[in-house]
Amino acid sequence: DTAVSQTPKYLVTQMGNDKSIKCEQNLGHDTMYWYKQDSKKFLKIMFSYNNKELIINETVPNRFSPKSPDKAHLNLHINSLELGDSAVYFCASSQDHQYEQYFGPGTRLTVT
Amino acid sequence: TQLLEQSPQFLSIQEGENLTVYCNSSSVFSSLQWYRQEPGEGPVLLVTVVTGGEVKKLKRLTFQFGDARKDSSLHITAAQPGDTGLYLCAGAVSLNFGNEKLTFGTGTRLTIIP
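Just so you know, the protein sequences line up as chains A and B, in that order. Position one of the first sequence corresponds to residue 54 (my numbering), numbered consecutively onward. Position one of the second sequence corresponds to residue 511 (my numbering), numbered consecutively onward.
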């Protein structure tokens with residue numbers, strides 16, 4: 054059984070488009086995250102939610118809007134995509150903010 | 511903003527050799543984690559160290575947290591091809607209301623040559 058799943062695995066789109074990435078965890082965790090990993094493999098936190106409440110919002114452009122319909126899901130919607138948004142986006146979850154984080158397989162976003 | 515510098519950035523060694531990866535910062539962390547990431551996958555936690563000076567062993571991997579909780583090292587003995595991957599350290603910083611935030615290091619890409 055997949056613990057943290059993301060869809061799609063790959064996403065290729067043109068500048069200016071709007072796209073969404075979905076994340077689901079079946080671990081019963083309370084906290085979910087979105088990270089961005091750039092071409093140099095640097096992994097940076099974007100958002101975290103605890104029981105559907107936004108906890109961390111790391112100076113991310115407001116074109117990025119996370120949505121948590123329930124504590125098992127955290128989706129990421131991106132408006133007006135730019136070339137610089139190209140990266141691998143990882144979803145993760147943990148029982149609490151202080152515990153081990155379980156990562157999804159990543160979504161490779163390519164903006165052309 | 512906390513910055514975690516890892517060294518070396520790239521390391522390629524022969525099977526059977528020993529190696530050490532370093533993770534350094536000027537910031538103090540409440541705990542420090544090490545992850546390994548393989549191509550096309552997300553990072554997987556290897557260990558968490560909490561106390562200054564703490565040493566943890568995971569088979570051939572030895573992790574140490576610095577006394578001042580600002581740095582850490584990962585030592586691998588008799589490296590094997592299965593150890594190949596991207597190693598990431600991550601320091602935890604306390605936020606309000608018991609929440610924490612992980613700041614990831616710059617990464618070390620390790621290749622073990624059979």
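All C-beta atoms, glycine included, are put in the ideal place defined by N, C-alpha and C.
- Between proline 158 of chain A and the set B:Gly552, B:Trp544 and B:Gln516, the nearest pair of CA atoms involves B:Gly552.
- Residues of the segment 531–553 of chain B with a C-beta atom less than 9 Å from some C-beta of chain A are Ser540, Ser541, Gln543, Tyr545, Gln547, Gly550, Glu551, Gly552 and Pro553, listed in chain order.
- Contact annotation, leucine 620 of chain B with glycine 601 of chain B: C-beta distance approximately 20 Å; criterion of less than 8 Å not satisfied.
- In this structure, serine 139 of chain A places its C-beta atom within 7 Å of the C-beta atom of valine 164 of chain A.
- In this structure, the beta-carbon distance from lysine 94 of chain A to glycine 617 of chain B falls below 7 Å.
- For methionine 68 of chain A, there is no enclosing beta strand (DSSP E), as DSSP gives it neither H nor E.
- Contacts with chain A at 7 Å (Cβ-Cβ) include phenylalanine 614 of chain B.
- For leucine 134 of chain A, the three-state secondary structure derived from DSSP is coil.
- Judged by their CB atoms, serine 536 of chain B and serine 604 of chain B are not nearer to each other than the 7 Å cut-off.
- DSSP, reduced to helix, strand and coil, places glycine 608 of chain B within a helical segment of the structure shown.
- Sorting A:Ala125, A:Leu136, A:Gly137 and A:Leu129 by C-alpha distance to the C-alpha of leucine 80 of chain A places A:Ala125 at the top.
- Glycine 157 of chain A belongs to the set of residues whose beta carbon lies under 7 Å from a beta carbon in chain B.
- Here glycine 595 of chain B carries a strand assignment [DSSP, helix/strand/coil].
- For glutamate 153 of chain A, at least one C-beta of chain B is nearer than 7 Å to its own C-beta.
- By the Cβ-count criterion, lysine 62 of chain A is exposed, with fewer than 16 other Cβ atoms from all chains shown falling within 10 Å of its own Cβ.
- Listed in chain order, the beta strand (DSSP E) elements of length 3 or more contained wholly in the segment 520–606 of chain B are 520–524, 529–534, 541–547, 554–559, 565–568, 571–575, 581–586 and 595–604.
- Phenylalanine 143 of chain A is bridged by DSSP to A:Tyr88.
- Legend: CB atoms of the segment 83–115 of chain A lying less than 9 Å from CB atoms of chain B belong to residues Thr84, Tyr86, Tyr88, Gln90, Lys93, Lys94, Phe95, Leu96, Lys97, Ile98, Ser101, Asn103, Ile108, Ile109 and Glu111.
- Any Cβ of chain B closer than 7 Å to the Cβ of phenylalanine 143 of chain A would place that residue at the interface, and such an atom is present.
- Look at leucine 556 of chain B: its C-beta is not under 7 Å from any C-beta on chain A.
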